[in-house]
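Worksheet for the structure shown next.
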Amino acid sequence: MMPEPAPTLQQLLAFYLEAGVDCALRDEPINRLEEPDAVPAPASPMPVAPPNPLRPLPAAMPAVPRSEITVAPDAAIASAREAARTAPTLAALRELMETFDGCALKHTATKLVFADGNPEARVMFVGEAPGRDEDIEGLPFVGRSGKLLDRMIASIGLDRSKAYIANVIPWRPPGNRTPTPQETQVCLPFIQRQIELVNPDVLVTLGNPSTQALLGTREGIMRTRGKWLDFDTGTRTIRAIATFHPAYLLRSPSYKRLSWQDLRAVAKVLQATTAS
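For what it's worth, my numbering labels the leading residue of the sequence shown as 43, then goes sequentially.
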């Protein structure tokens with residue numbers, strides 16, 4: 043029986059990238075299977091005077107990484123709601139999110155991914171969470187899925203100067219993992235306020251997570267896409283429609299035809315609104 047050939051360096055790198063390992067923590071590799079060097083016998087300890095019984099030494103507090111310092115879920119959600127409610131502008135909202143510490147994702151991400159495009163656009167696209175490329179650049183949809191989104195909106199005569207793009211989660215989850223329900227609930231008030239401040243004529247949710255979070259549906263994207271729903275800001279009702287996330291279309295290109303139909307529906311509503 044022939045032994046399997048050893049993987050090439052390119053295959054190994056592709057495997058690690060697929061597993062979420064996309065950065066190195068040390069410049070030099072460490073062989074953790076190598077036998078450790080013999081540890082020399084410790085020298086005779088110096089005699090230590092016993093502590094004063096009248097003043098006991100305080101117990102040492104273990105160091106806790108900042109990323110593990112968490113806020114109680116209910117308190118974090120309430121804090122996010124209050125902070126978002128008080129933001130009078132998009133610039134103020136971004137500043138509040140930069141200083142907000144109620145979501146642990148902030149401490150593992152490189153940058154806040156707030157938004158891209160025209161804040162006065164008539165159409166707003168919202169995805170789920172940033173990935174590696176977005177985390178590096180601090181902008182949403184700049185990787186492969188972002189390039190596809192650019193082509194999708196170009197098909198109806200739009201570009202980033204005529205659209206506004208954001209995510210429900212503004213910080214990249216480690217290894218591109220799925221955000222937890224708690225993380226989504228903590229970040230939800232910020233994206234809701236962001237939509238309210240942009241005040242578009244049409245809201246397009248990209249993929250199942252953003253659709254369920256923003257439009258309050260429990261149905262899957264196959265049943266939800268292409269249907270007009272309402273997003274209530276409290277002062278206005280915005281027409282909303284769901285379609286497939288560009289990352290899903292990269293994996294399942296046969297569904298691009300359905301996304302094209304959804305985008306054509308968006309274009310018709312925008313034209314009708316302009317005419318009226």
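Glycine included, each C-beta is placed from N, C-alpha and C at the ideal position.
Local conformation of residue i per DSSP, three classes
{"i": "G188", "result": "helix"}
{"i": "W319", "result": "The structure shown does not extend to residue 319, since the chain is modelled only from 43 to 318, so the question has no answer here."}
{"i": "D143", "result": "coil"}
{"i": "D272", "result": "strand"}
{"i": "L312", "result": "helix"}
{"i": "A105", "result": "Its pLDDT being 46, under 50, A105 is placed unreliably by the model, and nothing is read from it."}
{"i": "R260", "result": "coil"}
{"i": "P100", "result": "Residue confidence for P100 is low, a pLDDT of 47 falling below 50, so the modelled location carries little weight; the figure read from the coordinates is stated next. In the structure shown, P100 sits in coil (DSSP, three-state: anything other than H, G, I, E or B)."}
{"i": "R281", "result": "strand"}
{"i": "L200", "result": "coil"}
{"i": "A208", "result": "strand"}
{"i": "T226", "result": "helix"}
{"i": "T220", "result": "coil"}
{"i": "T50", "result": "coil"}
Residue nearest to residue i in terms of C-alpha spacing, selected from the options
{"i": "C145", "options": "L312, Q236 and V210", "result": "V210"}
{"i": "P231", "options": "A48, P49, T50 and R136", "result": "R136"}
{"i": "E140", "options": "L154, T128, H149 and L132", "result": "L154"}
{"i": "D177", "options": "D116, A289 and P212", "result": "P212"}
{"i": "A255", "options": "E162, F142, T226 and A289", "result": "T226"}
{"i": "F142", "options": "G159, A117, D158 and N160", "result": "A117"}
{"i": "R281", "options": "E261, A289 and V311", "result": "V311"}
{"i": "N250", "options": "F286, T222 and Q224", "result": "F286"}
{"i": "C229", "options": "T50, F156 and Q303", "result": "F156"}
{"i": "A122", "options": "T131, A133, L138 and L132", "result": "L138"}
{"i": "R161", "options": "A133, Y297 and L305", "result": "Reading the sequence as shown, one finds Pro at residue 161 and not Arg. Cα-wise, what sits closest to P161 is A133."}
{"i": "P216", "options": "E179, F183 and L147", "result": "L147"}
Cut-off 6 angstroms between Cβ atoms - residues of its own chain near residue i, not counting five sequence neighbours on either side
{"i": "T279", "result": "D272"}
{"i": "P104", "result": "Caution applies to P104, whose pLDDT of 46 falls short of 50 and renders its modelled position unreliable; the value that the coordinates give is listed next. Once the five neighbours on either side are set aside, P104 has no close Cβ partner at all."}
{"i": "G159", "result": "R202, A205, Y206 and I207"}
{"i": "T152", "result": "D177"}
{"i": "A126", "result": "P231, F232 and R235"}
{"i": "Q224", "result": "P115"}
{"i": "P288", "result": "S187, L190 and L191"}
{"i": "T315", "result": "D243"}
{"i": "R214", "result": "A151, P172 and D177"}
Cβ-based neighbour list, residue i, same chain, cut-off 8 angstroms, excluding 5 preceding and 5 following
{"i": "R108", "result": "Residue placement at R108 is flagged as unreliable, the pLDDT there being 46, under the threshold of 50; a coordinate-derived value is accordingly withheld."}
{"i": "K269", "result": "I283 and A284"}
{"i": "L200", "result": "V165"}
Same chain only: Cβ atoms within 7 angstroms of residue i, ignoring 5 sequence neighbours per side
{"i": "V308", "result": "V165, I198, V244, V246 and I283"}
{"i": "T253", "result": "T247, T259, I263, T266 and A284"}
{"i": "D303", "result": "A small fix is needed here, since residue 303 is Gln in this sequence, not Asp. So the qualifying residues of the chain are G268."}
{"i": "S301", "result": "M194, T285, F286 and L291"}
Pairing CB atoms from the segment 157–168 with CB atoms from the segment 236–244, are three or more of them under 8 angstroms?
-> The segment 157–168 makes contact with the segment 236–244, as at least three CB pairs between them are under 8 angstroms.
Any 3 or more C-beta pairs closer than 8 angstroms across the segment 168–188 and the segment 259–275 = No, because fewer than three Cβ pairs between the segment 168–188 and the segment 259–275 fall closer than 8 angstroms, the two stretches do not touch.
Uninterrupted beta strand (DSSP E) stretches inside the segment 112–184 (no shorter than 3 residues) = Listed in chain order, the complete beta strand (DSSP E) runs (minimum 3 residues) inside the segment 112–184 are 165–169.
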